[in-house]
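Undergrad: Let me begin by handing over the structure; questions about it come next.
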Amino acid sequence: MAEPLLAAAGLIKRFGGLIATDNVSIDVRPGEIHALIGPNGAGKTTLVSQLTGNLRPDAGTIHFAGRDITHLPMHARVRLGLARSFQITSVLREFTALDNVALAVQAHAGHSFRFLADVRRDENLRGLARRGLEEVGLAARADTPAAALSHGEQRQLEIAMALAGDPRLLLLDEPMAGMGGEESQRMIGFLQGLKGRRCMLLIEHDMDAVFQLADRITVLVYGRAIASGTPAEIRANAEVRQAYLGEGDA
Amino acid sequence: MSLIASLRTPRGLITVLLLVVLAVLPLLTQAFDQRYLLSIGTRIVIWAIAAVSLNMILGYGGMVSFGHAVFFGIGGYAVGILSHHGVASGWIQWPIAIVAATLWAALVGALSLRTRGLYFIMITLAFAQLVFYVGGGLEAYGADDGLNISRSRFPDFIDLRDKASFYWLCFALLCGTLWFCSRFANSRFGLVIRGAKSNELRMTALGFPVFRYRLAAFTLSGALGGLSGILLANEGAYISPAMMSWVKSGDLIVIVVLGGMGALFGPLYGTIAFFVLEETLPPLLDLLRTGWGEYWQIVFGPMLVLVALYAKGGIDSLFGSPKEWRRHG
Ligand SMILES: Nc1ncnc2c1ncn2[C@@H]1O[C@H](COP(=O)(O)OP(=O)(O)OP(=O)(O)O)[C@@H](O)[C@H]1O
Ligand SMILES: [Mg+2]
Chain A
1370 MAEPLLAAAG LIKRFGGLIA TDNVSIDVRP GEIHALIGPN GAGKTTLVSQ
1420 LTGNLRPDAG TIHFAGRDIT HLPMHARVRL GLARSFQITS VLREFTALDN
1470 VALAVQAHAG HSFRFLADVR RDENLRGLAR RGLEEVGLAA RADTPAAALS
1520 HGEQRQLEIA MALAGDPRLL LLDEPMAGMG GEESQRMIGF LQGLKGRRCM
1570 LLIEHDMDAV FQLADRITVL VYGRAIASGT PAEIRANAEV RQAYLGEGDA
Chain B
35 MSLIASLRTP RGLITVLLLV VLAVLPLLTQ AFDQRYLLSI GTRIVIWAIA
85 AVSLNMILGY GGMVSFGHAV FFGIGGYAVG ILSHHGVASG WIQWPIAIVA
135 ATLWAALVGA LSLRTRGLYF IMITLAFAQL VFYVGGGLEA YGADDGLNIS
185 RSRFPDFIDL RDKASFYWLC FALLCGTLWF CSRFANSRFG LVIRGAKSNE
235 LRMTALGFPV FRYRLAAFTL SGALGGLSGI LLANEGAYIS PAMMSWVKSG
285 DLIVIVVLGG MGALFGPLYG TIAFFVLEET LPPLLDLLRT GWGEYWQIVF
335 GPMLVLVALY AKGGIDSLFG SPKEWRRHG
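As structure tokens, then:
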């Protein structure tokens, strides 16, 4: 089996008395979509935040592309090819959709200590940004301020920003959260289109989406990874059915 | 950049008119024999440079530095101290003064920019107060009373004792500062600074080391602030700790907010409004009743609150949407 692209081992994170991440080990292999599921408050976002560097784990190590990134700051991890979207939409609200993506492109186009040239006339950045918007179906909204986009469009924009740096691994925290049925379907279709080309760690509550998309699934309950395996294995796992899937089936 | 096109918008028209009036101000004050007005005009232009430099971090970057007047002091004292010891040449004084302001800004920025909100405000204020008290303790340089200095010498280039020449030098430097700020605001660097104001977490998650960019902006702003301090010391041929009291830092913030945060010409509008009100409110109030003029700030304060509440974009926003300017500018 191929060397994992991302490998976290023995992660522990406490918030006061609460153990939000309880000795979790997880890996993502090149090319796969790895889904992370679990009930509300299970610690999914907390886990992803440690992988991206928003949060420091109390214990454990994180390796990315063979490199120990446990102590790297977030911006440095992103530069290595780790991109994330947030559960609560996070875009630059005052900037147009195109500027949002152009900034994402800029982040990966060398340093930004350039003080004089007009960035909006930089056709390298603009061209790539326009293509990024097209890819997620937002081309027509390029000049709209992000704050004026619909919720679903903002989520699409965030995906475009995450993809702009051509990341090696995408960490998506509930990309369909708050979307209507039709929008969700489109997003699932879009992610499906990325399958095989992009490596992903996907947090998602919608089980249909998860079973459609994922190559492997890890189940988190009370901060612990109680199971990990192919969709078929997870479906068949008694502990998972009891702890998590059972709720929905009943 | 089309000047003609910008004339078609109210904002462009007003701004161009304003710049033209400022450009010929010495001729006007001479024609109407109002020397005093030229001195106010000079101070407005110098303060506007400081306000533009503060706007770069406060308006565009959301960094509420409550110690910006310290750069008046550092620029001014560097010139004054050198001049006091017989180093009269501006070619030597000015670069040293700017380097001093730059280094101080880099140090304060490095120590304060990891904090946010009220902490950042307090730390920048504390560092400024430190320099203020050091200045007041310098017995050799007049302590609290300050020091009369001779103006910087630029032999065969410009005579700063000539009021009109000095004014035009200040005005040229203001134009240069505004030009730089207009480039900065739409550059890669400027977009990182503005993006970090809008959503710091997002910028970090895009891969920007936000701290480094903020530090660079803070340092740049300090260097320009130092320049305004050099000019201020030369304007009055005088330095004193009062140049860098926290009140002046507060005034600079007021000016930037009043003029319109993150608007290119906002600091200029704000400075003019501030000086005009400072000059006219006291006599107007004295007309109402003798002695009231002293308390002009009681009227000025609520005016500011109104701006903060109802005209978020400051004076600049009265001239229409900023988009117009961006499209034409
Ligand atoms: N910064 C924090 N400080 C204290 N407790 C926190 C913090 N962040 C998360 N928690 C707690 O840690 C636990 C895990 O939260 P987390 O957000 O990771 O869950 P989640 O699996 O993403 O849930 P959801 O499905 O609702 O998004 C929760 O009990 C939460 O209240
Ligand atoms: Mg979550």
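As you go down the protein sequences, you meet chains A and B in turn. So the number in our numbering is just where the residue sits in the first sequence, counting from 1, plus 1369. So the number in our numbering is just where the residue sits in the second sequence, counting from 1, plus 34. C-beta: ideal position from N, C-alpha, C; glycine also.
1. For A1473 (chain A) versus L1526 (chain A), is the C-beta spacing smaller than 7 Å?
2. For ligand 3, which residues count as neighbours when the test is a C-beta closer than 7 Å to any heavy atom?
3. Could I get the ranges of all uninterrupted beta strand (DSSP E) runs contained in the segment 231-277 of chain B, with 3 residues as the minimum, in chain order?
4. On a CA-only basis, which of B:Y303, B:I183 and B:F66 is nearest Y120 (chain B)? Give me that one, please.
5. Could you say which of A:Y1591, A:E1552 and A:L1518 lies nearest to L1461 (chain A) if we only look at CA atoms?
6. Have a look at D1577 (chain A) and G1549 (chain A) and give me their C-alpha separation to the nearest angstrom.
7. Chain A beta carbons: is any one of them nearer than 7 Å to that of R217 (chain B)?
8. Let's test the definition: count the other Cβ atoms within 10 Å of the Cβ of Q64 (chain B) and tell me whether it reaches 16, buried, or not, exposed.
9. Relative to ligand 1, is the shortest distance from any of its heavy atoms to the C-beta of E299 (chain B) smaller than 6 Å?
10. Would you kindly report the start and end of the unbroken beta strand (DSSP E) that includes K1382 (chain A)?
11. With respect to 6 Å, is the separation between the Cβ of G1410 (chain A) and the closest non-hydrogen atom of ligand 1 below this value?
12. Hey, is A134 (chain B) close to ligand 1, as in C-beta under 6 Å from one of its heavy atoms?
13. Please report the straight-line C-alpha distance between T1415 (chain A) and G294 (chain B), rounded to a whole angstrom.
14. Please list the partners that T253 (chain B) has in chain A, where partner means a Cβ-to-Cβ separation under 9 Å.
15. Nearest-angstrom Cα distance between I192 (chain B) and A276 (chain B)?
16. As a quick exercise: from B:R246, B:L311, B:A85 and B:G109, pick the residue whose alpha carbon is nearest that of S146 (chain B).
17. Rounding to the nearest angstrom, what Cα-Cα distance links A1434 (chain A) and I1586 (chain A) in this structure?
18. Checking contacts by CB at 7 Å: is F365 (chain B) closer than that to chain A?
19. Residues of chain B with a CB under 8 Å from the CB of F1433 (chain A): which are they?
20. Contact criterion: CB-CB distance below 7 Å. Does M1545 (chain A) meet it with respect to chain B?
21. Can you pull the chain A residues whose beta carbon is under 9 Å from the beta carbon of S274 (chain B), in chain order?
22. In this structure, how does DSSP classify L1518 (chain A) when only helix, strand and coil are distinguished?
23. Quick check on this structure: which residue in A:P1514, A:H1520 and A:V1470 has the alpha carbon closest to the alpha carbon of R1499 (chain A)?
24. Can you pull out the residues from the segment 1443-1469 of chain A whose beta carbon lies closer than 7 Å to at least one beta carbon of chain B?
25. For L1485 (chain A), which residues in chain B fall below 7 Å Cβ to Cβ?
26. Suppose contacts are defined by Cβ-Cβ distances below 7 Å. Is A131 (chain B) in contact with V113 (chain B) by that definition?
27. Looking at G241 (chain B): is its Cβ nearer than 7 Å to the Cβ of A1476 (chain A)?
28. Less than 6 Å between C-beta atoms, sequence neighbours within five positions excluded: which residues of the same chain meet that for Y329 (chain B)?
29. By a C-beta neighbour count over all protein chains shown, 10 Å radius and 16 as the cutoff for buried, is T158 (chain B) buried or exposed?
30. What does R236 (chain B) touch in chain A if you count any residue whose Cβ is under 7 Å from its own?
31. Can you tell which of A:I1402, A:E1602, A:V1609 and A:G1558 has the C-alpha that lies nearest to the C-alpha of V1588 (chain A)?
32. Should S375 (chain B) be labelled buried (16 or more other beta-carbon atoms within 10 Å of its own) or exposed?
33. Under 7 Å between the Cβ atoms of F106 (chain B) and G300 (chain B)?
34. Are the beta-carbon atoms of M278 (chain B) and F100 (chain B) separated by less than 7 Å?
35. Beta carbon of A1667 (chain A): closer than 6 Å to some heavy atom of ligand 1?
36. Can you tell me the Cα-Cα spacing of V168 (chain B) and I273 (chain B), whole angstroms?
TA: Inspection of the coordinates gives the following:
1. For the purposes of this step, residue 1473 (chain A) is taken as residue 104 along the first sequence, with counting starting at 1. For the purposes of this step, residue 1526 (chain A) is taken as residue 157 along the first sequence, with counting starting at 1. With a cutoff of 7 Å on beta-carbon distance, A1473 (chain A) and L1526 (chain A) are scored as not near each other.
2. Ligand 3 is absent from the structure shown, which contains only ligand 1 and ligand 2.
3. Taking only runs of at least 3 residues, no beta strand (DSSP E) segment lies wholly in the segment 231-277 of chain B.
4. As a position in the second sequence, residue 120 (chain B) is number 86, starting the count at 1. Sequence inspection shows Gly at residue 120 (chain B); the Tyr mentioned does not correspond to that position. Checking every option, the nearest Cα to that of G120 (chain B) belongs to B:I183.
5. For the purposes of this step, residue 1461 (chain A) is taken as the residue at position 92 of the first sequence. Residue A:L1518 holds the alpha-carbon nearest to the alpha-carbon of L1461 (chain A) among A:Y1591, A:E1552 and A:L1518.
6. Numbered from its first residue, the first sequence carries residue 1577 (chain A) at position 208. Numbered from its first residue, the first sequence carries residue 1549 (chain A) at position 180. If you take the alpha carbons of D1577 (chain A) and G1549 (chain A), they lie about 15 Å apart.
7. Counting from 1 along the second sequence, the entry for residue 217 (chain B) is found at position 183. Chain A contact via Cβ: present.
8. Taking the second sequence and counting its residues from 1, one reaches residue 64 (chain B) at position 30. Here Q64 (chain B) is exposed: its Cβ has fewer than 16 other Cβ atoms, across all protein chains shown, within 10 Å.
9. Mapped onto the second sequence, residue 299 (chain B) falls at position 265. What sits at residue 299 (chain B) in the sequence shown is Phe, not Glu. It does not: the Cβ of F299 (chain B) is nowhere closer than 6 Å to a heavy atom of ligand 1.
10. Position 13 of the first sequence, counted from the start, is the residue given in the question as residue 1382 (chain A). The continuous beta strand (DSSP E) containing K1382 (chain A) extends over residues L1375 to F1384.
11. On the first sequence, position 41 is the one that residue 1410 (chain A) refers to. For ligand 1, at least one heavy atom lies less than 6 Å from the Cβ of G1410 (chain A).
12. Residue numbering aside, residue 134 (chain B) sits at position 100 when the second sequence is read from its first letter. A134 (chain B): no, Cβ never under 6 Å from ligand 1.
13. Translated into positions along the first sequence, residue 1415 (chain A) becomes position 46. Translated into positions along the second sequence, residue 294 (chain B) becomes position 260. In a straight line, the C-alpha of T1415 (chain A) is about 40 Å away from that of G294 (chain B).
14. The residue labelled residue 253 (chain B) in the question sits at position 219 within the second sequence. Chain A residues near T253 (chain B): none, gap ~12 Å exceeds 9 Å.
15. Sequence index remark: in the second sequence, residue 192 (chain B) carries index 158 (1-based). Sequence index remark: in the second sequence, residue 276 (chain B) carries index 242 (1-based). Rounded to the nearest angstrom, the gap between the Cα atoms of I192 (chain B) and A276 (chain B) is 28 Å.
16. Indexing the second sequence from 1 puts residue 146 (chain B) at position 112. The shortest C-alpha separation from S146 (chain B) is found at B:R246.
17. As a working mapping, residue 1434 (chain A) is identified with position 65 in the first sequence. As a working mapping, residue 1586 (chain A) is identified with position 217 in the first sequence. The C-alpha of A1434 (chain A) lies about 21 Å from the C-alpha of I1586 (chain A).
18. Missing from the structure shown is residue 365 (chain B); chain B here goes from 35 to 363 and no further.
19. Translated into the one-based positions of the first sequence, residue 1433 (chain A) becomes position 64. The premise fails here: F1433 (chain A) is roughly 14 Å from chain B at the closest Cβ pair, so nothing lies under 8 Å.
20. For the purposes of this step, residue 1545 (chain A) is taken as residue 176 along the first sequence, with counting starting at 1. Answer no: the Cβ-Cβ gap between M1545 (chain A) and chain B never drops below 7 Å.
21. The count along the second sequence starts at 1 and reaches residue 274 (chain B) at position 240. Neighbours of S274 (chain B) in chain A, taken as residues at a C-beta separation under 9 Å, are lacking, since the least C-beta distance is about 34 Å.
22. Numbered from 1 along the first sequence, position 149 holds the residue referred to as residue 1518 (chain A). If DSSP states are grouped into helix, strand and coil, L1518 (chain A) belongs with coil.
23. For the purposes of this step, residue 1499 (chain A) is taken as the residue at position 130 of the first sequence. Considering only alpha carbons, the answer is A:V1470.
24. Correct list: M1443, H1444, V1447, R1448, R1453, S1459, V1460, L1461, R1462, E1463 and F1464.
25. Within the first sequence, the letter at position 116 stands for residue 1485 (chain A). For L1485 (chain A), the C-beta contacts it makes with chain B under 7 Å involve R217 and S221, in order along the chain.
26. Within the second sequence, the letter at position 97 stands for residue 131 (chain B). Within the second sequence, the letter at position 79 stands for residue 113 (chain B). Yes, Cβ-Cβ distance for A131 (chain B) and V113 (chain B) is below 7 Å.
27. Residue numbering aside, residue 241 (chain B) sits at position 207 when the second sequence is read from its first letter. Residue numbering aside, residue 1476 (chain A) sits at position 107 when the first sequence is read from its first letter. Yes, the pair counts as a contact, with Cβ atoms nearer than the cut-off.
28. Along the second sequence, read from residue 1 onward, the residue named residue 329 (chain B) stands at position 295. Here Y329 (chain B) has no same chain residue with a Cβ atom under 6 Å from its own Cβ, once five neighbours each way along the sequence are excluded.
29. The residue you call residue 158 (chain B) lines up with position 124 of the second sequence. Taking every protein chain shown into account, the CB of T158 (chain B) has 16 or more other CB atoms within 10 angstroms, so this residue is buried.
30. Numbered from its first residue, the second sequence carries residue 236 (chain B) at position 202. Residues of chain A with a Cβ closer than 7 Å to the Cβ of R236 (chain B) are, in chain order, S1459, V1460 and L1461.
31. Start at 1 with the first residue of the first sequence, and residue 1588 (chain A) comes out as number 219. Closest by alpha carbon: A:V1609.
32. The displayed coordinates of chain B run from 35 to 363. Any statement about residue 375 (chain B) would go beyond what the structure contains.
33. Locating residue 106 (chain B) in the second sequence gives position 72, counting from the first residue. Locating residue 300 (chain B) in the second sequence gives position 266, counting from the first residue. Result no, Cβ atoms of F106 (chain B) and G300 (chain B) do not sit closer than 7 Å.
34. Residue 278 (chain B) sits at position 244 when you count from the first residue of the second sequence. Residue 100 (chain B) sits at position 66 when you count from the first residue of the second sequence. Contact flag unset, no.
35. Outside the shown range of chain A (1370 to 1619) lies residue 1667 (chain A), about which nothing can therefore be said.
36. If you number the second sequence from 1, residue 168 (chain B) lands on position 134. If you number the second sequence from 1, residue 273 (chain B) lands on position 239. If I take the Cα positions, the gap works out to 14 Å.
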